[in-house]
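For the sequence shown, counting from 1, position 4 maps to 4 in full-length UniProt numbering; every step adds exactly one. All residues carry an ideal CB built from backbone N, CA and C; glycine is no exception. In this text, all values refer to a predicted model and were calculated from it rather than measured experimentally.
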Amino acid sequence: MDHQHHLKTLAQRDNGYIGYCAGCQSYNVAYKNSLFILAEAEFACYRDVMTDRTAMRPFFTTHGKEWLLKTPMQNYFIMLSDEEIEELVQMMDEATVLMEVDQILNITHRLG
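In structure tokens:
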């Protein structure tokens, strides 16, 4: 299926952004040197993982990273600081609120 990629930016900081592509029905979560392209359910799950620090374990380094998150890939981990997690969660919260507002407006428009 061919479609145009029209990424709508939902949240943005110096370290990254979160956008939504209606054509792909996916979220782009770009943070520092990572890009995750997630379906809505995956986005919600990733937000929960970050918010609750699910499956993360403390892993203190001399580089300021305090949390280690195992990925599905063997021997591939994501290391994050408390500040990075907080910034990412704030962006994801903003994106979630904007998408909820957009859904409400679309429903209201269809009913009106």
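Among the options, the one whose alpha carbon lies nearest that of residue i
| i | options | result |
| --- | --- | --- |
| residue 90 | 16, 5, 107 | 16 |
| residue 78 | 101, 42, 6, 46 | 46 |
| residue 62 | 49, 52, 56, 81 | 81 |
C-alpha gap between residue i and residue j, whole angstroms
| i | j | result |
| --- | --- | --- |
| residue 36 | residue 75 | 18 angstroms |
| residue 97 | residue 59 | 31 angstroms |
| residue 48 | residue 54 | 7 angstroms |
| residue 7 | residue 87 | 21 angstroms |
Segment limits, alpha helix (DSSP H) that includes residue i
| i | result |
| --- | --- |
| residue 110 | 82-111 |
8 angstroms contact criterion, which residue i and residue j should meet: CB distance rounded
| i | j | result |
| --- | --- | --- |
| residue 10 | residue 94 | 7 angstroms |
| residue 38 | residue 27 | 5 angstroms |
Span of the beta strand (DSSP E) around residue i
| i | result |
| --- | --- |
| residue 20 | 16-21 |
| residue 57 | 56-58 |
Exposure of residue i, with buried meaning 16 or more beta-carbon neighbours within 10 Å
| i | result |
| --- | --- |
| residue 33 | exposed |
| residue 84 | buried |
| residue 73 | exposed |
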